[in-house]
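Those protein sequence lines, which keep their order, are chains A and B. Counting from 8, one number per residue, gives the positions in the first sequence under the numbering used here. Counting from 471, one number per residue, gives the positions in the second sequence under the numbering used here. Using N, Cα and C, we set each Cβ at its ideal position, and we do this for glycine too. Keep in mind the model is a prediction, meaning the values are calculated, not measured. Working notes, beginning with the structure itself.
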Amino acid sequence: MKIILELFGASRDFSQKDYLEFEIKDQISIKDFKEKLLTFIDEKFKGNNDFKKIIQSSVFCSEKNEIISDNYKILKDQKIGIIPPIGGG
Amino acid sequence: MLHTKLIDAKEKKLSIIEAENFISSSDFGASIFFSGTVRNQNNNKDVIGITYDSHDALVIKSFEEIYNETDQKLNIKDKAVFIEHSKGYLNLGEISVIIAVACKHRDEAYVLSRYVIEEIKKRSPIWKKEHYEKNESAWLKGNPILNEKN
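Encoded structure:
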């Protein structure tokens, strides 16, 4: 299945596009998806520590615009968003 | 009564006049206007502008939640609240956020205005990228959003 990860804030530095695409074999929890993302940073950005910290301190949101927990399982093609630490105003 | 909007800086500038038009009513005796603007210094660095990024749907949802919970948490029932936030690139001095509130009495208005901006800072998915001289820039470290469902 295909997971499209929409990028926001500091995570926009992960790509020149607004999103990343991942092809995943089986259903996956957000917790495990985070691990996939960390591996992606290892491979693509030589383990850039700042990028890894962004992932570790982020939450994720579903297509329905709800913040989802680490236990949330992605079962089919889906678009999710990464929400790094915030600070508007 | 609530108005919320994210404004693309390329299309429009935030306007205190629009905020005033929205909240003004003879039902209310007190109004507070808060505006946040882009300043030229942060953490001992000279700032020349800020890019604001946002998750639009979640931001609007958070504005509505913040407004709705003031009934119970602050016990302020009769009120008008105008919240607009910019997204995109802003120059020094430009307005990034306007929060205008009107209530029956000034005590409520001060409390409500402060509550709304502090909660936005904590909960609304908006990010700032500061721009400096020599084409340098950096995303500001923010506060992690709490995962309510964990």
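- For the pair A:Gly96 and B:Lys591, the CB atoms are nearer than the 8 Å cut-off.
- Close to chain A, meaning a Cβ-Cβ distance shorter than 8 Å, are the following residues of the region 550-573 of chain B: His555, Ser566 and Val567.
- Rounded to the nearest whole angstrom, the C-alpha separation of A:Asp84 and B:Phe503 is 45 Å.
- CA-to-CA, the gap between B:Leu560 and B:Trp609 works out to about 14 Å.
- Cβ-Cβ distances below 8 Å link B:Asp548 to Asp497, Phe498, Cys573 and Lys574 in the same chain, with the five nearest sequence neighbours on each side left out; the list follows chain order.
- Chain-ordered listing is empty here: chain A has no CB closer than 7 Å to the CB of B:Asn512, the nearest sitting near 11 Å.
- In the DSSP assignment, B:Ser505 falls outside any alpha helix (DSSP H) and within the unbroken beta strand (DSSP E) covering Ala500 to Thr507.
- Rounded to whole angstroms, the separation of the alpha carbons of B:Glu578 and B:Asn545 is 9 Å.
- Going by C-alpha positions, B:Leu562 is about 8 Å away from B:Val517.
- Considered as a whole, the region 526-558 of chain B harbours 526-543 as its complete alpha helix (DSSP H) runs of no fewer than 4 residues, in chain order.
- In this structure, B:Glu535 is the residue among B:Glu535, B:Lys515 and B:Asn510 with its C-alpha nearest to the C-alpha of B:Glu589.
- Sequence-distant Cβ neighbours of B:Ile530 in its own chain, meaning closer than 6 Å and more than five residues away, are Thr474.
- With fewer than 16 other CB atoms across the displayed protein chains lying within 10 angstroms of its CB, B:Ser494 is exposed.
- Using a Cβ-Cβ cut-off of 8 Å, A:Ile11 does not count as an interface residue toward chain B, since no Cβ of chain B sits closer than that to its own.
- In this structure, B:Phe533 lies near B:Ser594, with their beta-carbon atoms less than 8 Å apart.
- In this structure, the CA atom of B:Asn510 is about 14 Å from the CA atom of B:Ser607.
- For the region 559-618 of chain B, the full-length beta strand (DSSP E) segments reaching 3 residues or more read 565-573, 596-601 and 607-609 along the chain.
- The C-beta of B:Asn613 comes closer than 8 Å to at least one C-beta of chain A.
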